[in-house]
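Undergrad: Dropping the structure in here first, questions after.
There are 2 protein chains.
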Amino acid sequence: MLSQKAKYALQALGLLTARYEKGPVLISEIADQKKIPIKFLENILLELKHADILESYRGRTGGYALKVHPKSVKLSQIIRIVNGPIAMLSCVSLNFYKACDNCTEQICKINPVMAEARDAVLKILDRRTLADIRDEEF
Amino acid sequence: MLSQKAKYALQALGLLTARYEKGPVLISEIADQKKIPIKFLENILLELKHADILESYRGRTGGYALKVHPKSVKLSQIIRIVNGPIAMLSCVSLNFYKACDNCTEQICKINPVMAEARDAVLKILDRRTLADIRDEEF
DNA sequence: ATAAAAGTCTATCAAATGACTAGACAATAA
DNA sequence: TTATTGTCTAGTCATTTGATAGACTTTTAT
Chain A
0 MLSQKAKYAL
10 QALGLLTARY
20 EKGPVLISEI
30 ADQKKIPIKF
40 LENILLELKH
50 ADILESYRGR
60 TGGYALKVHP
70 KSVKLSQIIR
80 IVNGPIAMLS
90 CVSLNFYKAC
100 DNCTEQICKI
110 NPVMAEARDA
120 VLKILDRRTL
130 ADIRDEEF
Chain B
0 MLSQKAKYAL
10 QALGLLTARY
20 EKGPVLISEI
30 ADQKKIPIKF
40 LENILLELKH
50 ADILESYRGR
60 TGGYALKVHP
70 KSVKLSQIIR
80 IVNGPIAMLS
90 CVSLNFYKAC
100 DNCTEQICKI
110 NPVMAEARDA
120 VLKILDRRTL
130 ADIRDEEF
């Protein structure tokens, strides 16, 4: 399951995508609309900024905005930033690989199944972008 | 990511599948072979017994054995027992559904993507059974 | 200038979860 | 009848997660 943080991140990005190229949005506005604790949201947005997904402006007319085109950001990328590995086992992770420490056997039958599962999810999450979770406008 | 517990469960089941219809296997033997802390493994096997996947025998010739045919146990089933939901969001879970509490919008764009992702994993995990992760024999 | 408004950053906290352990108990076969 | 095996409840300990506090910096409107 995705963490609450990851869910919040996706919700915030849905809003920011709808506002793409329409000027920065206040953290407080996002927090209000999406019912996210504001200080928690601050951390999340900052992390996404550090990952070059968002850009921010300070001062009176400040706020957050998408830094790149919505279609250029895969959902898999977002999830990796705010939630970590997508694979079910680290020994099968493409971006966070780590060998199993108790896997004595050369031939593990679990590994290939989990690799299949990983590919199946990635087939979805690599094809879907921020544009796909963009908030409807009113 | 699957918990350590889930990983241990799958490893233990790989061994028990190889021993299917060959009499009960000691917890201590499984723990040794798979390098799993024995008391932790006890809990896991007990849980799988309560879920009717395993059966156990006490006393001198005791131990654990698969209760049903390996091909009749889907990996998705095991994961749900020892790890919980397979879906990335509870609002998209088939077996552990729970509505989002901060989802004010009628139309959530995240939900359908996560449903797709869930279906993609399940396509693998519903088709694979214990027979697919059965330990090789020597 | 300067005050108000915005994001930045570090630190902290409580609660939940995860991984594991202890130990008394119950059943069974030799 | 006793050694061996599983049963079960409870507890510990470390880590992660979700959330908060508050001082600080930057920016803009006046």
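Quick mapping for you: the protein sequence lines, in order, are chains A and B. Start counting the first sequence at 0; every next residue gets the next number (numbering that gives the first Met the number 0). Start counting the second sequence at 0; every next residue gets the next number (numbering that gives the first Met the number 0). Virtual Cβ for every residue (Gly too), placed ideally from N, Cα, C.
Check whether chain B comes within 9 angstroms of residue 72(A), counting only Cβ atoms and requiring the distance to be less than that.
TA: Locating residue 72(A) in the first sequence gives position 73, where the first residue counts as 1. Taking Cβ atoms only, chain B never reaches closer than 9 angstroms to residue 72(A), which makes this a no.
Undergrad: Starting from the C-beta of residue 54(A), find all residues in its chain whose C-beta is less than 7 angstroms away, skip the five residues before and the five after it, and write them out in chain order.
TA: Translated into the one-based positions of the first sequence, residue 54(A) becomes position 55. Hits under 7 angstroms: 48, 64 and 66.
Undergrad: Relative to the C-alpha of residue 112(B), which candidate in 43(A), 121(A) and 50(A) has its C-alpha closest?
TA: The residue given as residue 112(B) occupies position 113 in the second sequence. Residue 121(A) is the option with its Cα nearest to residue 112(B).
Undergrad: Check whether the region 125-132 of chain B and the region 6-18 of chain B are in contact - that is, three or more C-beta pairs closer than 8 angstroms.
TA: yes
Undergrad: Please name the residues in the region 18-49 of chain A whose beta-carbon is closer than 9 angstroms to at least one beta-carbon of chain B, in chain order.
TA: 32, 33, 34 and 35
Undergrad: Count the other CB atoms, across all protein chains shown, that sit within 10 Å of the CB of residue 69(A); report buried if there are 16 or more and exposed otherwise.
TA: As a working mapping, residue 69(A) is identified with position 70 in the first sequence. So residue 69(A) ends up on the buried side.
Undergrad: Which whole runs of the alpha helix (DSSP H) in the region 55-86 of chain A are 4 residues long or more, in chain order?
TA: 74-82
Undergrad: Taking the alpha helix (DSSP H) that residue 41(B) belongs to, which residues open and close that run?
TA: Locating residue 41(B) in the second sequence gives position 42, where the first residue counts as 1. Element bounds for residue 41(B): 37-49.
Undergrad: Locate the alpha helix (DSSP H) running through residue 16(A), then write down its first and last residues.
TA: Looking up residue 16(A) in the first sequence gives position 17. Residue 16(A) -> alpha helix (DSSP H) spans 3-17.
Undergrad: With a threshold of 9 angstroms between beta-carbons, can residue 10(B) be considered close to chain A, or not?
TA: Counting from 1 along the second sequence, the entry for residue 10(B) is found at position 11. Yes, contact with chain A.
Undergrad: For the region 12-29 of chain A against the region 37-44 of chain A, are there 3 or more C-beta pairs whose distance is under 8 angstroms?
TA: Judged by Cβ distances under 8 angstroms, the region 12-29 of chain A makes contact with the region 37-44 of chain A, as three or more pairs qualify.
Undergrad: For residue 77(A), does the count of other Cβ atoms within 10 angstroms reach 16, so buried, or fall short, so exposed?
TA: Here residue 77(A) refers to the residue found at position 78 of the first sequence. Buried is the call here.
Undergrad: Is it buried or exposed for residue 60(B), if we count other Cβ within 10 angstroms and need 16 for buried?
TA: Taking the first residue of the second sequence as position 1, residue 60(B) is located at position 61. Classification of residue 60(B): exposed, given that the 10 Å Cβ count is below 16.
Undergrad: Beta-carbon of residue 79(A) versus every beta-carbon of chain B: anything under 9 angstroms?
TA: Taking the first residue of the first sequence as position 1, residue 79(A) is located at position 80. False, the Cβ-Cβ gap to chain B never drops below 9 angstroms.
Undergrad: Given residue 95(B), which residues of its chain have a CB within under 7 angstroms of its CB, disregarding the five upstream and five downstream residues?
TA: Here the question's residue 95(B) lines up with position 96 in the second sequence. The answer, listed in chain order, is 83, 84 and 89.
Undergrad: Looking at the structure shown, is residue 121(A) part of a helix, part of a strand, or coil, going by DSSP?
TA: Against the first sequence, residue 121(A) aligns to sequence position 122. In the structure shown, residue 121(A) sits in a helix (DSSP, three-state: H, G or I).
Undergrad: Please confirm whether residue 176(A) and residue 110(B) have their CB atoms less than 9 angstroms apart.
TA: With chain A covering 0 to 137 only, the question about residue 176(A) has no answer from this structure.
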